[in-house]
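Visitor:
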Amino acid sequence: MESQSVQCENPPTHAPAVEGNAPETEKAGEERVISEEMQKRDLNKVYVSNLGNYMTQKEFASYLSEHHVDGVKSVKKQRGKTFGFVLFNSLEEREAGKSLLETLTCDGKHLVCKDANMQKKRGSVKREGKDRKEKKEEGVPENATTNDVVAPWWNVPLEEQLSRKEDEMRQMLKRCSRRIERKDKPKVRKEGQNRIGSIKKPCPDYLKGSCLYGNRCKFLHMTMEAIEESEKAKAANSEEQKSKHQNPIEQNPDEQDSEEPYQKEEEEGQLCTMLPILTGAESTGYRNKCSFTIGLNKAGEKCVGFRMGNFINGNVCVGEVDDVVVVSPFMKRVALAVQAFVRSKEYEVYDMCKHIGFWRTLLVRYSARTDQLCVLVIVGNPYEESVPKAAEGLARVTDAVRAEIDGVMRELLGALLPQFPCLASYNYQIFTGLSNPGSDCPMTTLHGKSYIEEKLFDLTFHVSPYAFFQVNTPVAEILYRNIGDWVSLHGNTLLLDVCCGTGTIGLCLASRVKHVIGVDIEASAIEDAKHNAELNGITNCEFICSPAEKVMSELLRSEEAKKYDHIVMVVDPPRSGLHKDIIVSSRKCNAITELIYVSCNPTGSFMDNAVMLCCDPSRHNPGAAFAAMKSQPVDLFPYTEHCELMTLFGHM
């Protein structure tokens with residue numbers, strides 16, 4: 001290899017490595033070689049701007065080929081961006097290609113070429129100097145408590161928490177509305193200081209209403225007749241208030257109109273009306289699931305708690321669970337019991353820097369309604385001295401080591417059972433990878449079953465350690481009840497539960513519809529959903545294990561879907577949001593009359609999805625648009641800045 005010859009001709013000048021620092025020296029040499037290769041690769045890359053906004057990467061490659069730009073190794077161009085990158089095979093070909101590119105035009109504009117220095121943007125190359133210093137300063141303060149990290153609003157009154165979340169959701173709905181307005185705004189061209197152009201397509205009716213102010217109008221979603229009646233009522237009310245001011249009399253509060261025929265001033269410019277935030281009766285100790293990290297606290301002692309900062313900021317310290325308000329006293333007892341056992345053993349905790357160690361994670365689930373406790377302990381190879389390759393990790397755990405680990409886990413079980421008789425599921429996993437294990441990692445059950453039971457309304461659900469289930473059970477019931485109240489469900493309705501998880505939403509509403517179809521990508525969740533339907537005697541539900549974007553189009557076009565009067569769609573996606581193909585399939589299916597979007601990331605992926613649902617039809621987003629009818633925040637996570645948002649969309 002060329003890089004190896006360079007190393008031989010220019011040997012390092014540091015002192016010979018002793019046995020203790022040999023791995024560090026070897027690792028440093030590997031990082032240096034990788035860095036040199038990246039630098040060489042970047043030298044052959046050219047940044048090209050003034051490209052067509054709608055040019056795709058494939059069209060960009062064809063453009064270079066048509067204009068005889070030789071020596072191109074690869075190209076990168078995103079649709080919607082006016083720039084791209086060209087990687088050449090060598091420096092000589094880069095210079096020749098750059099000179100040729102600067103003579104070309106695209107859509108009447110001369111291309112501008114610059115040397116692309118992407119080194120600082122690569123995650124594998126360490127950034128030094130001011131950028132790294134600023135990023136480190138953004139970490140958790142040294143005097144922060146575990147509460148500050150896990151429940152940052154622990155010292156904020158509940159009323160103020162709810163007010164902050166409502167304000168944030170209102171601002172988000174306004175930003176979302178502006179984005180839709182900009183997307184639907186007709187494109188115009190600039191010539192000097194004058195704008196030349198004409199309206200090519202009108203704003204959607206649900207946005208502009210019947211006036212020229214668009215979505216900023218307080219008469220959103222109203223007809224002209226309703227607007228005229230509203231104005232007359234407003235004028236009459238104004239005259240009445242003037243007369244009352246001149247002849248004041250006591251007013252009966254019951255005579256006040258609770259619902260105005262137009263939006264409140266604070267709602268002007270929002271995507272839709274927002275109802276007051278919903279919350280539960282209990283705000284502390286509400287979590288039914290906690291994932292505790294097993295590491296070292298500030299004093300260097302073994303600790304079962306929560307990580308105090310991001311690994312990228314160099315903070316691998318673990319904080320105690322004693323003062324965390326969102327964790328119940330019962331779960332704290334479990335964590336402290338495991339912590340006492342860990343400290344009594346000589347096995348080391350997992351080192352996130354060296355990626356070696358035994359004790360890794362403690363996952364706890366507890367149902368207060370069924371009084372059942374689930375414990376999952378994740379451990380590594382206690383005798384691993386170096387980072388194993390992904391394929392070799394578990395293979396290097398010999399039978400003797402497995403037997404030893406099994407013995408330690410049984411000893412821990414013996415310590416927990418007398419303290420927690422409600423322990424209904426005790427499991428452990430051996431994982432030697434760099435990140436976190438998933439449900440596909442083999443799990444050994446030493447006591448009870450591999451799941452516990454949880455109650456929602458009058459239904460019973462089996463919940464395994466990795467299954468998705470809302471962490472705040474009482475508020476989850478409020479959320480699901482509202483979903484059923486918002487949509488029109490009757491005897492001939494098909495309910496589509498997209499990203500259904502263990503089937504909680506679909507199963508809770510199954511008695512009110514003709515049929516339920518749930519779709520989820522997680523195989524274990526679908527198996528849980530099928531088992532939960534059988535457990536509760538529900539026969540009108542079916543669950544499909546597949547990426548929703550791959551089956552939705554075919555499902556909505558099927559003869560089975562045409563048997564129903566209308567289709568109601570409920571989506572509860574992960575933080576990344578809905579795939580665009582799901583949205584397109586939904587827009588193209590006129591049988592979907594209502595869509596409820598339950599978002600755990602309302603200020604992120606929800607905005608992108610809402611814009612795509614509500615904007616005008618286009619070549620890349622066909623089908624009839626949806627109209628946002630109303631939204632309501634649900635506070636499933638008190639003492640944090642997070643909340644869920646449920647939004648009802650009607651198909652236009």
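Per UniProt numbering, numbering of the sequence shown is gapless, rising by one per residue and ending at 652. Just so you know, even glycine gets a beta-carbon here, dropped at the ideal spot from N, CA and C.
#1: Which of helix, strand or coil does DSSP assign to Pro474?
#2: By DSSP, does Phe606 sit in helix, in strand, or in coil?
#3: What separation, rounded to the nearest whole angstrom, lies between the Cα atoms of Met646 and Ser599?
#4: Helix, strand or coil for Ala144, going by three-state DSSP, please let me know.
#5: Taking the alpha carbon of Leu494 as the reference point, which residue from Thr284, Val568, Ala144, Glu454 has its own alpha carbon closest?
#6: Determine the DSSP secondary structure at Glu404, reduced to helix, strand or coil.
#7: What residue from His447, Asn472, Pro442 has the CA that sits closest to Glu454's CA?
#8: Have a look at Val570 and Ile582 and give me their C-alpha separation to the nearest angstrom.
#9: I need the boundaries of the beta strand (DSSP E) containing Leu509, first residue and last residue.
#10: Which of the three DSSP states is assigned to Ile526 in this structure?
#11: Can you confirm whether the segment 525 to 534 touches the segment 555 to 563 when touching is taken to mean that 3 or more C-beta pairs between the two stretches lie within less than 8 Å?
#12: Arg94 lies in the alpha helix (DSSP H); which residues open and close that run?
#13: Quick check: the Cα distance between Ser605 and Pro574, rounded to an integer number of angstroms?
#14: To test your reading of the DSSP string, which unbroken beta strand (DSSP E) runs of 3 or more residues are found completely within the segment 283 to 312?
#15: What first and last residue would you give for the alpha helix (DSSP H) that runs through Lys81?
#16: Say whether chain D places a C-beta atom closer than 9 Å to the C-beta of Gly108.
#17: So if DSSP puts Ser367 in a beta bridge, which residue, or which two residues, is it bridged to?
#18: Report yes if the C-beta distance between Glu594 and Pro152 is below 9 Å; otherwise report no.
#19: Apart from the five residues just before and just after Val463, which ones in its own chain have a Cβ nearer than 8 Å to its Cβ?
#20: For the segment 338 to 351 against the segment 166 to 177, are there 3 or more C-beta pairs whose distance is under 8 Å?
#21: Going along the chain, which residues of its own chain have a beta-carbon closer than 7 Å to the beta-carbon of Pro329, five neighbours each way excluded?
#22: Please report how far the alpha carbon of Gly650 lies from the alpha carbon of Tyr597, in whole angstroms.
#23: Cutting at 6 Å between CB atoms, please list the residues of its own chain near Val112, excluding the five before and the five after it.
#24: In the DSSP assignment, find the unbroken beta strand (DSSP E) run with Glu453 in it and report its ends.
#25: Helix, strand or coil for Gln171 per DSSP?
#26: Which two residues bound the contiguous beta strand (DSSP E) that contains Leu495?
Guide: From the atom records:
#1: Against the sequence shown, residue 474 aligns to sequence position 474. The answer is helix: DSSP assigns Pro474 an H, G or I state.
#2: Position 606 of the sequence shown, counted from the start, is the residue given in the question as residue 606. DSSP places Phe606 in helix when its eight states are reduced to three.
#3: Within the sequence shown, residue 646 is the residue found at index 646, counting from 1. Within the sequence shown, residue 599 is the residue found at index 599, counting from 1. If you draw a straight line from the Cα of Met646 to the Cα of Ser599, it is about 6 Å long.
#4: Along the sequence shown, read from residue 1 onward, the residue named residue 144 stands at position 144. Coil, per DSSP.
#5: Counted from its first residue, the sequence shown places residue 494 at position 494. Closest by alpha carbon: Val568.
#6: For this step, residue 404 is matched to residue 404 along the sequence shown. The answer is helix: DSSP assigns Glu404 an H, G or I state.
#7: What you label residue 454 is simply residue 454 of the sequence shown in a count that begins at 1. With distances taken between Cα atoms, Glu454 lies closest to Asn472.
#8: Position 570 of the sequence shown, counted from the first residue, corresponds to residue 570. Position 582 of the sequence shown, counted from the first residue, corresponds to residue 582. Each residue's Cα considered, the two are about 12 Å apart.
#9: Along the sequence shown, read from residue 1 onward, the residue named residue 509 stands at position 509. Unbroken run through Leu509 is the alpha helix (DSSP H), 504 to 509; no beta strand (DSSP E).
#10: By one-based count along the sequence shown, residue 526 stands at place 526. It is helical.
#11: No, the segment 555 to 563 does not touch the segment 525 to 534.
#12: Here the question's residue 94 lines up with position 94 in the sequence shown. Per DSSP, Arg94 belongs to the alpha helix (DSSP H) from 91 to 101.
#13: On the sequence shown, position 605 is the one that residue 605 refers to. On the sequence shown, position 574 is the one that residue 574 refers to. Cα to Cα, the separation comes out at about 9 Å.
#14: Counting only runs of 3 or more, we get 289 to 296, 302 to 307.
#15: Taking the sequence shown and counting its residues from 1, one reaches residue 81 at position 81. For Lys81, there is no enclosing alpha helix (DSSP H), as DSSP marks it with neither H nor E.
#16: Structure shown: chain D not included; a single protein chain is present.
#17: In the sequence shown, the residue the question calls residue 367 occupies position 367. Ser367 has Gln372 as its beta-bridge partners, per DSSP.
#18: Mapped onto the sequence shown, residue 594 falls at position 594. Mapped onto the sequence shown, residue 152 falls at position 152. Contact flag unset, no.
#19: Within the sequence shown, residue 463 is the residue found at index 463, counting from 1. Answer for Val463: Arg365, Ser367, Cys374, Tyr451, Ile452, Glu453, Glu454, Phe469, Thr502, Asp528, listed in chain order.
#20: Verdict: no, contact absent.
#21: Against the sequence shown, residue 329 aligns to sequence position 329. Once the five neighbours on either side are set aside, the close Cβ partners of Pro329 are Gly285.
#22: Taking the first residue of the sequence shown as position 1, residue 650 is located at position 650. Taking the first residue of the sequence shown as position 1, residue 597 is located at position 597. Going by the C-alpha atoms only, they are around 11 Å apart.
#23: Taking the first residue of the sequence shown as position 1, residue 112 is located at position 112. Excluding residues up to 5 positions away in sequence, Ser49, Asn50 lie with their Cβ nearer than 6 Å to the Cβ of Val112 in the same chain.
#24: Working through the sequence shown from its first residue, we reach residue 453 at position 453. Boundaries of the beta strand (DSSP E) around Glu453: 452 to 456.
#25: If you number the sequence shown from 1, residue 171 lands on position 171. Gln171 falls in the helix class under three-state DSSP.
#26: Indexing the sequence shown from 1 puts residue 495 at position 495. Start and end: 493 to 498.
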